[in-house]
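J.:
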Amino acid sequence: MARTIVVTSGKGGVGKTTTAASLAMGLALKGHRTVVIDFDVGLRNLDLLMGCERRVVYDFVNVINNEAKINQALIRDKRCEDLSILPASQTRDKDALTEDGVGRVLDELAQDFDFIVCDSPAGIERGATLAMYFADDAVVVTNPEISSVRDSDRMLGILSSKSRRAENGEEPISEHLLLTRYAPERVKIGDMLSVDDVQEILSLNLLGVIPESKSVLNASNSGTPIIMDEDSDAGKAYMDIVSRYLGDELPHRFIEIEKKGLFGRLFGG
Amino acid sequence: MSVKPKAKPRLSSSIDLRASSFTLPVLTLLDTDTKSISEQLQHKVKQAPEFFKNAPLVIDMGQLGSQATIDFESLMDRIKLLGITPIGIRGGDEAQNSAAQSFGLALLADTRANSTAEKLPVQKKASEPVKQASKSDLTSQSSALLVTQPVRSGQRVYAVDNDLVVLAAVSPGAEVMADGNIHIYGVLRGRALAGVKGNTDTRIFCQDLQAELIAISGHYQISEGIDETLRGKPTQIRLRDSSLLIEEL
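Order-wise, the sequence lines are chains A and B.
If you count the first sequence from 1, position 169 lands on 169 in our numbering, and the numbers rise without skipping.
If you count the second sequence from 1, position 203 lands on 1203 in our numbering, and the numbers rise without skipping.
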């Protein structure tokens, strides 16, 4: 029986798709059969970040409308055989998604996969609410900046009341905070909210902190999830996050300003 | 149960149906003699004629004992002659109920302890009815509504006919309301409205006042108007002479 994870935020542009791509790839690299689904109908991006945009034949909406079988729509990742992608439709709009349709597709996927990662669109409308409706876990992606924090807070309220678990009175969705685009130097001078500042408002279990990194742009340009770039700090942070999600206790890195000692500066690091 | 999509207005709607609360005068009958009933009622009406003019009235049959027969037609005529509009009965037995219904009266719930107001919060227009305030209230009327999770932005909690106790923070964009007092054992960053039904003796207590808006029985103050020096401190807010008084605890 699969575990369904929704990557959501409320605010747009904070790193949901980047996170969904790396989280799914990380889980698959560890040997778990994983599928990542793009819920952003009409504005699909996941296929770009995964580098499979030229292999899309059928999409999520086709499957919901019984125009294609799930296996025809799923795209196998070329780098990792345990990872599959279900792209969103680009030509339809969000009304094409229905609760029954989505539920049916997720049930079918749950039989073949260990993890289902749902990449939510921004906002709190149909696409976002359906992406989180069936979730067991939620990764709430937040930038250390006040509007993102407020939108994440709003999303937490919705998670606790509009999910299937909430409606059925089951154990609530397990919520995790992921702080992205964190810049310790700016936190130090007081321009940016610190981890503690964000936690004071959101009070969530901290899954991890992803440092601001130029390599993220390169990764999305090349259609490679950043977690595969072992040299980048962001990639390393995502690796930590996958391990932490799976239960390992790891200290949080990249929160403090890195002080390069003499040797560090001489030999690079 | 299902996720409701935003309704697309197909045609303009003719109605909007929702529950509302009304306080109604109840005439409890202690006797079946319609003549003496109307005489004594007339006496009351004379004391406050404006109040009774066209007023809706509920007739309580509960004290009459079962099998007591009363001339409904005579009762209705006499009440209407006094300018009062009978709208329903409660506490009647089968025969009395069907008689009442044949005169177009509604059958109202016979719950002496609870008023209809109690049932409201479930239908209250809270966008996400977070804590079904009515459920806990109906079972034990006296204990306050207790909220242990943070109240998130966009959520609304309303403690009906009761105090509200929040054991976590209230986020900006969240709303906590109570007919009684509000006690927040955490930071208040959203809105807090006490004494919503008009009780001016209610107070708001919080461990850290950073509210967007505070109000007691309709008298309110917004964040800008709250003294900066009070931020971050345990405070008590009450009403004195129609203005809000904010004091450190």
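Cβ coordinates follow ideal geometry from the N, Cα and C atoms, glycine included.
In this text, all values refer to a predicted model and were calculated from it rather than measured experimentally.
On the three-state DSSP scale, how would you describe C168 of chain A?
T.: Residue identity check: residue 168 of chain A is Asn in the sequence provided, not Cys. The answer is coil: DSSP assigns N168 of chain A none of H, G, I, E or B.
J.: Assuming P87 of chain A contacts D119 of chain A under a Cβ cut-off of 8 Å, what Cβ separation, rounded to an integer in Å, is found between them?
T.: About 10 Å; that fails the 8 Å criterion.
J.: Pick out whichever of B:G1062, B:G1091, B:H1043 has its Cα sitting closest to the Cα of I1079 of chain B.
T.: When each option's Cα is compared against that of I1079 of chain B, the closest is B:H1043.
J.: At which residue ranges does the segment 88 to 112 of chain A contain complete alpha helix (DSSP H) runs of 4 or more residues, listed in the order of the chain?
T.: The segment 88 to 112 of chain A contains these whole alpha helix (DSSP H) runs: 99 to 110.
J.: Pull up the CB-CB distance for D137 of chain A and S174 of chain A, whole angstroms please, since I reckon it's below 8 Å.
T.: Contact flag correct, Cβ pair sits at about 5 Å.
J.: Tell me E1247 of chain B's beta-bridge partners as DSSP assigns them.
T.: Looking at the DSSP assignment, E1247 of chain B forms a beta bridge with B:Q1236.
J.: Just checking: is the beta-carbon of R1231 of chain B within a distance shorter than 8 Å of some beta-carbon in chain E?
T.: Absent from the structure is chain E; the protein chains it does hold are A and B.
J.: Answer with yes or no whether the minimum CB distance from R150 of chain A to chain B is below 8 Å.
T.: Cβ-Cβ to chain B under 8 Å: yes for R150 of chain A.
J.: I need the DSSP call for N218 of chain A, collapsed to helix, strand or coil.
T.: If DSSP states are grouped into helix, strand and coil, N218 of chain A belongs with the helices.
J.: Three-state secondary structure (DSSP) at F1072 of chain B?
T.: Of the three classes helix, strand and coil, the one that applies to F1072 of chain B here is helix, per DSSP.
J.: From the beta carbon of G157 of chain A, is the nearest beta carbon of chain B less than 8 Å away?
T.: Yes - at least one Cβ of chain B is within 8 Å of the one on G157 of chain A.
J.: How about S22 of chain A: is its Cβ closer than 7 Å to a heavy atom in the ligand COA?
T.: Absent from the structure shown: the ligand COA. Ligands present: none.
J.: Go to Q1047 of chain B, then tell me how far its alpha helix (DSSP H) extends in each direction, as first and last residue.
T.: Counting along the chain, the alpha helix (DSSP H) containing Q1047 of chain B begins and ends at 1034 to 1047.
J.: For the segment 184 to 259 of chain A, list the beta strand (DSSP E) runs that are entirely contained and at least 3 residues long, ordered along the chain.
T.: Counting whole runs of 3 or more residues, the segment 184 to 259 of chain A contains the beta strand (DSSP E) stretches 205 to 211.
J.: Count the other C-beta atoms from every protein chain shown that fall within 10 angstroms of the C-beta of T1028 of chain B, then say buried if there are 16 or more, exposed otherwise.
T.: Exposed.
J.: Is it buried or exposed, A1194 of chain B, if we count other Cβ atoms within 10 angstroms and call 16 or more buried?
T.: A1194 of chain B comes out buried.
J.: For D191 of chain A and M1177 of chain B, what's the separation of their Cα atoms in angstroms?
T.: D191 of chain A and M1177 of chain B: Cα-Cα distance of roughly 35 Å.
J.: Between the Cα of S203 of chain A and the Cα atoms of B:V1187, B:G1198, B:A1211, B:D1071, which residue gives the shortest distance?
T.: With distances taken between Cα atoms, S203 of chain A lies closest to B:V1187.
J.: For T4 of chain A versus L130 of chain A, is the C-beta distance shorter than 8 Å?
T.: Result no, Cβ atoms of T4 of chain A and L130 of chain A do not sit closer than 8 Å.
J.: So which of A:L217, A:T98, A:S194, A:P172 has the shortest CA-CA distance to V209 of chain A?
T.: Taking only the C-alpha atoms, the option nearest V209 of chain A is A:S194.
J.: Anything in the segment 26 to 48 of chain A with a Cβ closer than 7 Å to a Cβ of chain B? List those residues in chain order, please.
T.: Cβ contacts with chain B: none found.
J.: Among A:D248, A:E249, A:L246, A:I226, whose alpha-carbon lies nearest the alpha-carbon of Y238 of chain A?
T.: Out of A:D248, A:E249, A:L246, A:I226, A:I226 has the C-alpha closest to the C-alpha of Y238 of chain A.
J.: Could one say the Cβ of S160 of chain A lies closer than 8 Å to chain B's Cβ atoms, at least one of them?
T.: Closer than 8 Å: yes.
J.: Using C-beta distances below 7 Å, list every residue in its chain close to A24 of chain A, excluding the 5 sequence neighbours before and after it, in chain order.
T.: Same-chain partners within the cutoff: T34, V36, L83, V117.
J.: Which residues of the segment 1154 to 1173 of chain B have a Cβ closer than 9 Å to any Cβ of chain A? Give them in chain order.
T.: Hits within the stretch, in order: G1154, Q1155, A1168, A1169, S1171, P1172, G1173.
J.: Run through chain A and tell me which residues come within less than 7 Å of P1150 of chain B, C-beta to C-beta.
T.: Those are S203, listed as they occur along chain A.
J.: Just to confirm my understanding: we take A1059 of chain B, look at its own chain, exclude 5 residues before and 5 after, and list those with CB closer than 7 Å. What are they?
T.: The identity of residue 1059 of chain B in the sequence shown is Ile, whereas the question assumes Ala. Around I1059 of chain B: L1027, L1029, P1086, I1089.
J.: What is the rounded straight-line gap between the Cα of S220 of chain A and the Cα of V242 of chain A?
T.: So the two alpha carbons sit approximately 19 Å from each other.
J.: Taking CB distances under 8 Å as the criterion, tell me whether R253 of chain A reaches chain B.
T.: No, R253 of chain A lies away from the interface with chain B (no Cβ there is under 8 Å from its Cβ).
J.: Could you have a look at F1051 of chain B and say whether DSSP puts it in helix, strand or coil?
T.: If DSSP states are grouped into helix, strand and coil, F1051 of chain B belongs with the helices.
J.: Let's test the definition: count the other Cβ atoms within 10 Å of the Cβ of T18 of chain A and tell me whether it reaches 16, buried, or not, exposed.
T.: Looking at its Cβ environment, which holds 16 or more other Cβ atoms inside 10 Å, T18 of chain A is buried.
J.: At the 8 Å Cβ level, is R104 of chain A part of the contact set with chain B, yes or no?
T.: No, no contact with chain B.
J.: Is any beta-carbon of chain B found at less than 8 Å from that of D196 of chain A?
T.: No, D196 of chain A does not count as interfacial toward chain B.
J.: Based on the DSSP output, what are the partners of G1088 of chain B in its beta bridges?
T.: Bridge partners of G1088 of chain B: B:V1058, B:A1106.
J.: Give a yes or no on whether the minimum CB-CB distance between D136 of chain A and chain B is below 8 Å.
T.: Judged by the 8 Å Cβ criterion, D136 of chain A is not in contact with chain B.
J.: To which residues of the same chain is R1189 of chain B closer than 8 Å at the C-beta, ignoring the five residues directly before and after it?
T.: Around R1189 of chain B: A1169, V1170, S1171, P1172, A1174, Q1210, A1211, E1212.
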